[in-house]
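Engineer:
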Amino acid sequence: MNYEHSYAQSIADPAEFWQRQAASLAWYRSPTQTLQPQPDGTHRWFADGRLNSSYLALDHQVAQGRGEQVALIYDSPVTGVAEQFTYRELLDEVARLAGALRALGVGKGDGVVIYMPMVPQAAMAMLACARIGAVHSVVFGGFAANELALRIDDARPSLVLTASCGLEFDRVIDYLPLVDRALQLARHQPRHVLVLQRPQAPAQLSPGRDLDWQATVARAEPVEALPLDAGDPLYIMYTSGTTGKPKGIVRENGGNAVALRYAMQQIYGMQAGDVWWGISDVGWVVGHSLIVYGPLMCGCTTVLYEGKPIRTPDAAAYWRVIEQYRVNALFCAPTAMRAIRKEDPDGARLRDHDLSSLRQLFLAGEKLDSATHRWLEQVTGKPVHDHWWQTETGWPVTAPCVGLAGSAARPGSSNRAVPGYHVQVLDDEGRPVAANEQGAIVIALPLPPGCSQTLWGDHGRYLQAYLERYPGYYHTGDGGYLDEEGFVYIMGRTDDVINVSGHRLSTGEMEDLVAQHPAVAECAVIGVHDDIKGQVPLALVVLKDAQTITEPQLQDELVARIREGIGALACLQRARVVKRLPKTRSGKILRAVLRKIADGQAYVPPSTLDDGAVLAEIEAVLADLPRAG
Ligand code: AMP
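Here the numbering used here is used: position 77 in the sequence shown is 107, and no number is missing along the way.
1. Rounded to the nearest angstrom, how far is the Cβ of tyrosine 451 from that of proline 478, given a contact under 8 Å?
2. Would the beta-carbon of histidine 166 fall within 7 Å of that of leucine 189?
3. Would you give the residue range spanned by the alpha helix (DSSP H) that lysine 372 belongs to?
4. In this structure, what does DSSP give as the bridge partners for tyrosine 145?
5. Just how far apart, CA to CA, sit valine 247 and alanine 158?
6. In terms of alpha-carbon separation, which member of Ile266, Arg350, Val288 lies closest to isoleucine 279?
7. Would you call lysine 397 buried or exposed, if buried means 16 or more other Cβ atoms sit within 10 Å of its Cβ?
8. Expressed to the nearest angstrom, what Euclidean distance is found between the alpha-carbon atoms of leucine 573 and leucine 639?
9. Less than 6 Å separating the Cβ of glutamine 395 from some heavy atom of the ligand AMP?
10. Thinking just about the alpha-carbon of each residue, which of Ala622, Val571, Phe199, Val544 is nearest to the one in arginine 593?
11. State the start and end residues of the unbroken beta strand (DSSP E) segment that holds tryptophan 75.
12. List the endpoints of the continuous beta strand (DSSP E) containing isoleucine 592.
13. Tell me whether aspartate 508 counts as near the ligand AMP, meaning its Cβ is closer than 6 Å to at least one heavy atom of that ligand.
14. Using a Cβ-Cβ cutoff of less than 8 Å, which residues in the same chain neighbour leucine 55 once the five nearest sequence positions on both sides are dropped?
15. Tell me the start and end of each unbroken alpha helix (DSSP H) in the region 604-646 that is at least 4 residues and wholly inside, in chain order.
16. Less than 6 Å between the CB of serine 444 and some heavy atom of the ligand AMP, yes or no?
17. Judging by CA-CA distance, which residue of Asp526, Ala549, Pro548 is the nearest neighbour of methionine 540?
18. Keeping to the same chain, check which residues put their C-beta closer than 7 Å to that of isoleucine 370; ignore five residues upstream and five downstream.
19. Provide the residue span of the alpha helix (DSSP H) that contains phenylalanine 170, from first to last.
20. For threonine 342, collect the residues of the same chain with a Cβ closer than 8 Å to its Cβ; drop the 5 residues on either side in sequence, then sort them by chain order.
21. DSSP beta-bridge partners for serine 536?
22. Thinking just about the alpha-carbon of each residue, which of Leu611, Leu334, Phe170, Leu512 is nearest to the one in methionine 154?
23. Of all the options Ala474, Leu645, Asp586, Glu581, which has the alpha carbon lying nearest to the alpha carbon of isoleucine 41?
24. Would you kindly work out how many angstroms separate the C-alpha atoms of leucine 485 and glycine 377, rounded to a whole number?
25. Could you tell me if asparagine 445 is buried or exposed, where buried requires 16 or more neighbouring beta carbons within 10 angstroms of its beta carbon?
26. How about tryptophan 425: is its Cβ closer than 6 Å to a heavy atom in the ligand AMP?
27. With distances taken from CA atoms, which of Val168, Asn283, Leu121 is nearest arginine 186?
28. Between the C-alpha atoms of aspartate 641 and glutamine 483, what's the straight-line distance to the nearest angstrom?
29. Please go through the region 398-481 and give each complete beta strand (DSSP E) segment of 3 or more residues, from N-terminal end onward.
30. Any heavy atom of the ligand AMP closer than 6 Å to the Cβ of aspartate 16?
31. Following a CB-centred definition, is asparagine 286 positioned closer than 6 Å to any heavy atom of the ligand AMP?
32. Can you give the Cα-Cα distance for glycine 424 and glycine 630, rounded to whole angstroms?
33. According to DSSP, is aspartate 513 part of a helix, a strand, or is it coil?
34. At which residues does the beta strand (DSSP E) containing arginine 201 begin and terminate?
35. For alanine 38 and isoleucine 520, I'd like the C-alpha separation in whole angstroms.
36. Following the continuous alpha helix (DSSP H) through tyrosine 355, name the residue where it begins and the one where it ends.
Written as structure tokens, this is what we have:
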């Protein structure tokens with residue numbers, strides 16, 4: 031297949047294009063209705079198709095003769111454990127766990143929250159939920175109790191699955207106290223908490239509420255996969271919006287299966303039997319699409335790595351994994367590669383390792399800066415590709431499609447739109463702009479299969495957040511431009527969302543927490559440049575009158591507050607006291623100007639600014655911040 035031809039077809043006749051892609055899937059009932067527009071602007075894909083995502087990832091692979099092939103490699107430098115599961119073994123584990131869930135009363139459509147470290151049981155938990163039609167919501171293990179509570183109240187799970195601990199470098203993090211705290215904060219209470227005891231730090235279980243994972247599963251009978259409608263939800267994945275309340279992105283079974291199969295083969299160039307490494311965490315969308323569902327539904331071997339790019343034990347960790355398991359291609363966030371580059375600028379650690387199995391590297395989650403891009407290409411000698419997507423889309427929007435002939439890659443760009451995505455750039459009035467002109471990046475409807483078409487329990491918020499701003503288009507929230515040949519350049523978010531180490535965080539949520547400090551009159555949290563993490567938050571604070579707190583003391587207290595309220599992943603390390611914040615005459619804080627000042631970029635003082643002198647004051651306070659090189 032050829033890229034230009036596929037792309038043109040996918041836009042001219044999306045129903046026909048995706049019907050053909052869907053035909054290669056092992057449905058219980060093949061869909062006859064491919065694409066149905068809804069009155070509110072959303073679309074239904076494969077409405078009358080019936081399938082099961084766990085069946086496609088496991089039973090179907092065994093039926094195809096891959097029972098003895100390794101399905102999942104667990105590599106954990108933090109515990110010193112390495113384990114492998116064949117497709118048949120993984121199927122047995124998942125079928126039994128699904129039986130345990132069912133015996134605990136979990137059924138089709140029920141929510142299940144999974145709050146787990148990077149252990150194989152996290153992937154098994156997802157697949158077990160999928161097997162019985164329960165809707166899993168994995169919450170990243172780095173989130174604090176408050177964030178877990180928010181998600182529990184929104185997803186209303188009948189069960190929470192967790193482990194006794196997670197491991198960060200050489201630090202053991204007890205999970206159960208976090209779950210206890212979250213359940214104290216949450217209004218909704220699950221019936222049970224199933225706890226995987228890890229030898230590094232077994233937990234004290236609460237009788238009645240907590241159940242031991244191993245004992246419960248040992249008693250269970252394996253269950254078959256339940257045929258589901260294509261539109262039945264597979265999972266909820268919470269992501270930060272511009273308010274404190276996270277958005278529950280809903281992924282449907284049918285569209286997800288069709289899209290991921292397409293992505294694994296045509297974008298990433300993977301075939302059954304290949305070894306794929308999605309370097310991420312099950313708590314993020316990449317963990318869903320590229321650690322669990324995508325590779326397994328394609329019959330690949332997937333690597334689940336419980337470690338870091340550095341210090342587990344060193345900057346050669348990734349190269350060791352690639353060599354040891356003969357990894358063919360990988361996904362990674364740029365921040366991880368920047369961390370490796372910082373420790374091993376010449377790539378000396380890499381020369382001890384045989385990377386001959388590796389065909390290419392795909393990077394996303396944030397912009398791939400050209401220095402890291404060049405370095406990675408130089409030290410590995412392999413093609414390195416930037417590509418762009420979001421939790422909402424679930425699979426890449428722009429990427430080189432290495433499985434399609436004639437698909438070029440261009441360094442500096444996130445590459446061209448993938449078949450299925452009609453990417454355009456609009457101005458403020460919703461008019462398409464010329465090539466190389468910046469504007470809002472949008473996707474003309476219909477969105478292809480796999481993209482979220484609703485938010486859990488709040489369809490109105492979905493319409494308002496994504497479809498109302500530009501009628502007929504999905505609003506990505508990213509700004510940028512397309513060149514004459516359709517290569518896309520992402521310049522960053524146009525809202526108050528920042529990207530820290532590839533993790534999306536809401537500055538609004540951080541502002542809520544900062545503003546609760548008794549000494550703070552008002553504040554703004556903005557993203558500022560960081561050499562490793564891409565962006566980190568910075569709090570600008572106006573103190574209440576007659577406050578005696580020093581700036582370092584306030585900073586310490588705010589850092590602790592954000593750690594407690596959101597989690598260490600937020601990385602708020604700096605707070606600066608300012609006399610006032612720049613505002614419009616109607617009192618809105620001019621965050622866009624603050625961002626420009628913090629990044630050392632030129633700016634035009636907005637005409638709505640009430641007092642120009644404030645900008646000079648802010649410039650003086652922020653003069654010593656690190657700037658993008
Ligand atoms: P998330 O949903 O957390 O994966 O975050 C998605 C956001 O990350 C996008 O809307 C972009 O702002 C940013 N992002 C992801 N991939 C890229 C990329 N390749 N280049 C620039 N920004 C990216």
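Even glycine gets a Cβ: it sits at the ideal position worked out from N, Cα and C.
All of these numbers come straight from a predicted model, not from anything done at the bench.
Structural biologist: Answer, in terms of the structure:
1. 6 Å
2. no
3. 364-373
4. Thr192
5. 11 Å
6. Ile266
7. In this structure lysine 397 is buried. Its beta-carbon is surrounded by 16 or more other beta-carbon atoms within 10 angstroms.
8. 21 Å
9. Strictly speaking, residue 395 in this sequence is glycine, with glutamine absent from that position. Within the cutoff, so yes.
10. Val544
11. 73-75
12. Not the beta strand (DSSP E): isoleucine 592 falls in the alpha helix (DSSP H), residues 581-595.
13. yes
14. Leu81, Leu86, Ala287, Val288, Arg291
15. 621-628
16. yes
17. Asp526
18. Pro339, Ile340, Ala345, Tyr348
19. From DSSP, phenylalanine 170 is part of no alpha helix (DSSP H); its letter is neither H nor E.
20. Pro107, Val108, Phe199.
21. Paired residue(s): Val527.
22. Leu334
23. Ala474
24. Leucine 485 and glycine 377 have their C-alpha atoms roughly 44 Å apart.
25. buried
26. Exclusion of tryptophan 425 from the 6 Å shell around the ligand AMP follows from its C-beta lying no nearer than that to any non-hydrogen atom of the ligand.
27. Val168
28. 43 Å
29. 414-416, 452-456, 469-474
30. This structure leaves residue 16 out entirely; the chain is present only between 31 and 659.
31. Asparagine 286 Cβ: outside cutoff for every heavy atom of the ligand AMP.
32. A direct Cα-Cα distance of roughly 34 Å separates glycine 424 from glycine 630.
33. Secondary structure at aspartate 513: coil, using DSSP grouped into helix, strand and coil.
34. From DSSP, the beta strand (DSSP E) with arginine 201 extends over 201-204.
35. 23 Å
36. Boundaries of the alpha helix (DSSP H) harbouring tyrosine 355: 347-355, taken from the DSSP string.
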